[in-house]
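**Q**
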């Protein structure tokens with residue numbers, strides 16, 4: 357499951373509006389395929405992992421962070437791909453609260469004679485997919501409010517001049533978080549005064565990083 361989590365982490369910022377899912381195909385104790393969703397309209401993580409595994413997927417166990425989908429949306433259902441590939445077992449961390457899935461994935465797999473287990477890594481996956489899970493359960497976007505303040509509670513210099521308040525560690529953390537977000541929103545005053553780039557610059561550069569709407 358840890359390898360599947362890492363695949364999911366690498367999809368953050370790239371897969372929206374699909375969840376950043378990771379999948380791994382294991383046969384006889386060996387990882388024979390991994391997958392994560394590319395930009396929308398591409399194959400889901402499970403299908404990518406099955407393609408990477410090829411014929412070695414037959415009789416294998418698929419480990420995936422989220423319950424496989426059982427409906428046709430932008431792509432065919434992942435459950436059909438898993439059944440057609442002849443996998444022996446599927447292990448997923450958490451169920452998908454999307455009303456189109458919500459247990460239907462598990463039922464479809466079990467009806468096809470595939471062993472299904474759930475729960476391993478649930479806490480870590482719930483944290484990784486917090487935004488997706490919140491949106492599906494409430495119908496509202498997941499919003500993070502971020503601000504930086506000095507020790508005396510100020511967010512700007514008394515002159516109004518722009519000054520760094522965040523330290524280098526905080527800035528690095530913020531840019532790591534940005535690359536996994538769909539959008540960044542700031543007030544008009546911040547745009548006028550600071551003219552911020554609002555880009556994700558992990559490691560100090562925006563090159564190669566997924567960029568939120570801004």
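Residue numbers (the working numbering): 357 to 570. In this text, a Cβ means the ideal position worked out from N, Cα and C, and glycines have one as well.
Within this structure, are the beta carbons of residue 391 and residue 408 separated by less than 8 Å?
**A** Contact: yes.
**Q** By the DSSP assignment, the beta strand (DSSP E) with residue 450 in it spans what residues?
**A** Where residue 450 is concerned, the enclosing beta strand (DSSP E) stretches over 445 to 450.
**Q** Given residue 399, which residues of its chain have a CB within under 8 Å of its CB, disregarding the five upstream and five downstream residues?
**A** Cβ within range, chain order: 391, 393, 407, 431.
**Q** Can you list, in chain order, the residues of its chain whose CB lies under 7 Å from that of residue 555, leaving out five sequence neighbours each side?
**A** Counting only Cβ-Cβ distances below 7 Å, and skipping sequence neighbours, we find 562, 567.
**Q** Indicate whether residue 445 and residue 417 have their beta-carbon atoms separated by less than 8 Å.
**A** Yes, they are a contact pair.
**Q** In this structure, does DSSP put residue 532 in helix, strand or coil?
**A** Correct three-state label for residue 532: helix.
**Q** Would residue 539 and residue 570 qualify as a contact pair, given that the criterion is a beta-carbon distance under 8 Å?
**A** In this structure, residue 570 lies closer than 8 Å to residue 539 by Cβ.
**Q** To which residues of the same chain is residue 545 closer than 7 Å at the C-beta, ignoring the five residues directly before and after it?
**A** Nothing listed; no residue qualifies.
**Q** So, residue 491 versus residue 365, is the Cβ gap smaller than 8 Å?
**A** No, Cβ-Cβ distance for residue 491 and residue 365 is not below 8 Å.
**Q** Which same chain residues end up closer than 8 Å to residue 486 when comparing Cβ atoms and leaving out the 5 residues on each side of it in sequence?
**A** Once the five neighbours on either side are set aside, the close Cβ partners of residue 486 are 498.
**Q** Would residue 438 be called buried (16 or more neighbouring beta carbons within 10 Å of its own) or exposed?
**A** Residue 438 comes out buried.
**Q** In terms of residue numbering, what span does the alpha helix (DSSP H) encompassing residue 480 cover?
**A** Residue 480 -> alpha helix (DSSP H) spans 478 to 484.
**Q** What are the start and end residues of the alpha helix (DSSP H) that includes residue 405?
**A** It spans 401 to 409 - the alpha helix (DSSP H) in which residue 405 sits, taken as one unbroken run.
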